[in-house]
Structure formats: C-alpha cells, structure tokens
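Asks: Attaching a single structure in structure tokens format; questions to follow.
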Amino acid sequence: MKKPAILFALTASLLAPLAAPALAAPVISAQSIIVNPVQTSLQARVWVDRDASGSRTPNYRIGDRIRVSVSVNENAYVYLFYVDPDGSVDQILPNRLGGSNYVRKGEVRTFPSPRDNFVFNVGGNPGLNKVLVVASRRPLDLSELSSFRSGQPFAQVNAKGSQQLAQALSIVVNPVEQPVPQQDWVSDTAFFNATY
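The numbering used here runs 1 ahead of the 1-based position in the sequence shown.
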C-alpha cells in the first residue's frame, strides 16, 4: 500500500478549459482549498473527531486513530479528499470499501463508521493536514481527477497539493459537456496537525 498521510488500515474522489463564460472560476482560499464563488443555499461541514466545532486545529500523533465527520443541510453527494503536508492527495470517499457517498439533510456521517471494516490512522508526514469535503446536489464524475490502483481501496488524486487539487476540482464542477451549476455545490475544509 502506498504511503498515505492517513494510513487506511483495513481491519474487519486552475484550468477549466473552455468553461462556459457565464461561470466564475472557483476561488482558492487560504482558509479552504476551494470555495464556490457564488452564494448557495447548500451548506456542508467537515470536521475531525478532536474538534467537533471545526473552529480550531487539533493535534494528533502519527499512528493515532482519526475519524472524519460531514453534514449537509440538504440531501447531497459528498466527496472527501485528504491533503498530506507533502502535497499528496487521497480520495477518502467514494472508495472501494462500500458505503454510499449520498448524505441526507441533517445527517451526520462519520468515516469510518462503527460498521466499516477499516480505520483511519494518522500517518505520513508531520505538519498541517487538510480534509476537504465537496458536496453536490448531483453526482460528480471524478474519473479525470482520481484513479484506483489495482487492489487499493482508496483512489489517488492526480494532483499534488492544495492548488493543483483546487484546479482539478474546478474541471470536475465546470466540465465542458455539462457544467454543475455553481449553486449546486459547495466545499469546506478541516485542518489538523500531525506530530511524532
């Protein structure tokens, strides 16, 4: 298994080429990885288990278990990504371990859930880690963004670092064929520090 910054220990998903001119490009912010530039009623929130408020940056030691939670204020498809301090990006959800990435209004979904056959352990490099959620009213096609390697349960994103991830995600939400209306998606980012 590759060296992910969150080890997925098995125990038991800015260059929008030819984008429609009416669509503004997603904004890359220091506070988040990607921010929808238009107001939307759709809201998503992501947090880690040591900071349910999402207002601070908790500390974890490498090897500690970590759980990631998301909630949405409307039914939505959620996509979770992990950005390691070295810039490598993994797609946490959807994955090959089962479970839907469709989250209902008001539901809090935690990954891994007690029913899942895997755990997340903090691993990889020390430093500031990011977990990004993108919530969309319609399913997104991540085939240009990430790919599953043979036998691996989690997809690796074909981008390095927050900037490239934001650029790649802008292509997903602004495809030439059928752009996702900007009011139909939103993102949020949780941060945590990893230390030895």
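We put the CB at the ideal spot given by N, CA and C, even for glycine.
Measure the beta-carbon distance from Val132 to Thr190 and round it to whole angstroms, keeping in mind my assumption that it falls under 8 Å.
Replies: Taking the first residue of the sequence shown as 1, we reach residue 132 at position 131. Taking the first residue of the sequence shown as 1, we reach residue 190 at position 189. Indeed they touch by this definition, with Cβ atoms about 7 Å apart.
Asks: Alpha carbon to alpha carbon, what distance is there between Pro154 and Val123?
Replies: One-based indexing of the sequence shown puts residue 123 at position 122. One-based indexing of the sequence shown puts residue 154 at position 153. So the alpha carbons of these two residues sit roughly 17 Å apart.
Asks: Would you please state the rounded distance, in angstroms, between the beta carbons of Asn126 and Asp85? I believe it to be under 8 Å.
Replies: Working through the sequence shown from its first residue, we reach residue 126 at position 125. Working through the sequence shown from its first residue, we reach residue 85 at position 84. That belief holds up - the Cβ atoms of Asn126 and Asp85 are roughly 6 Å apart, short of 8 Å.
Asks: Would DSSP call Asp185 helix, strand or coil?
Replies: Stepping through the sequence shown from its first residue, residue 185 is reached at position 184. Note: Asp185 maps to helix in three-state DSSP.
Asks: DSSP on Gly128, reduced to helix/strand/coil?
Replies: The count along the sequence shown starts at 1 and reaches residue 128 at position 127. Reduced to three states, the DSSP call for Gly128 is strand.
Asks: Whole beta strand (DSSP E) runs in the segment 75-116 with 3 or more residues, listed along the chain?
Replies: You should have 77-84, 89-94 and 109-112.
Asks: Between the Cα of Tyr83 and the Cα atoms of Ala77, Thr196, Val134 and Pro140, which residue gives the shortest distance?
Replies: What you label residue 83 is simply residue 82 of the sequence shown in a count that begins at 1. Comparing Cα positions, the closest option is Val134.
Asks: Given a cut-off of 8 Å on the beta-carbon distance, is the pair Val69 and Phe112 in contact?
Replies: On the sequence shown, position 68 is the one that residue 69 refers to. On the sequence shown, position 111 is the one that residue 112 refers to. Yes.
Asks: Among the residues of its own chain, which have a CB less than 8 Å from the CB of Ser72, if the five just before and after it don't count?
Replies: Taking the first residue of the sequence shown as 1, we reach residue 72 at position 71. Here the set comprises Ala45, Arg46, Val104, Gly107, Glu108, Val109 and Arg110.
Asks: Can you tell me the Cα-Cα spacing of Ala169 and Asp87, whole angstroms?
Replies: The sequence position of residue 169 within the sequence shown is 168, counting from 1. The sequence position of residue 87 within the sequence shown is 86, counting from 1. Their Cα atoms are separated by approximately 18 Å.
Asks: Mind checking which residues open and close the alpha helix (DSSP H) that includes Val173?
Replies: On the sequence shown, residue 173 is found 172 positions in, with the first residue counted as 1. Looking at the DSSP string, the run of the alpha helix (DSSP H) that includes Val173 is Gly162 to Val174.
Asks: Would you decide whether Ser147 is buried or exposed? Buried here means 16 or more other CB atoms lie within 10 Å of its CB.
Replies: Looking up residue 147 in the sequence shown gives position 146. With 16 or more other Cβ atoms within 10 Å, it is buried.
Asks: Tyr199 lies in the beta strand (DSSP E); which residues open and close that run?
Replies: What the structure shows of the chain is the stretch from 2 to 197, and residue 199 is not part of that stretch, so it cannot be assessed.
Asks: Could you check what DSSP says for Leu141 in three-state terms: helix, strand or coil?
Replies: One-based indexing of the sequence shown puts residue 141 at position 140. In the structure shown, Leu141 sits in coil (DSSP, three-state: anything other than H, G, I, E or B).
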